[in-house]
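Notes to accompany the following structure.
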Amino acid sequence: MIAPKRRTSKQRKHKRRSSVWKLDMPGMVKCSNCGEYCLAHRVCQHCGFYGGKQVLKLQKDAPKNA
């Protein structure tokens, strides 16, 4: 089998792999109901709407008295 003639240097190896760690921002969209930003294809955590329908009933500022 053919073997590499020279060892790949650390610098060359790191240059080749430099773009692997970069992550893209997740798809953020405005909620059609409340206008807050939320992840695409997920229920809005602020109002509980998804696809124009209310999916979750969220309690608004419930008192924290125990």
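Numbering (my numbering), first residue to last: 2 to 67.
Even glycine gets a Cβ: it sits at the ideal position worked out from N, Cα and C.
Please read all numbers here as calculations on a predicted model, not as lab measurements.
Classified as buried, cysteine 45 has 16 or more neighbouring CB atoms from the shown chains inside 10 Å of its CB. Bounds of the beta strand (DSSP E) holding lysine 31 are 29-31. With a 10 Å radius around the Cβ and a threshold of 16 neighbouring Cβ atoms, cysteine 35 comes out exposed. According to the DSSP assignment, lysine 11 belongs to the alpha helix (DSSP H) that extends over 11-17. Non-local C-beta neighbours of methionine 29 in its own chain, meaning closer than 8 Å and more than five positions away in sequence, comprise Tyr38, Cys39, Leu40 and Ala41, ordered along the chain.
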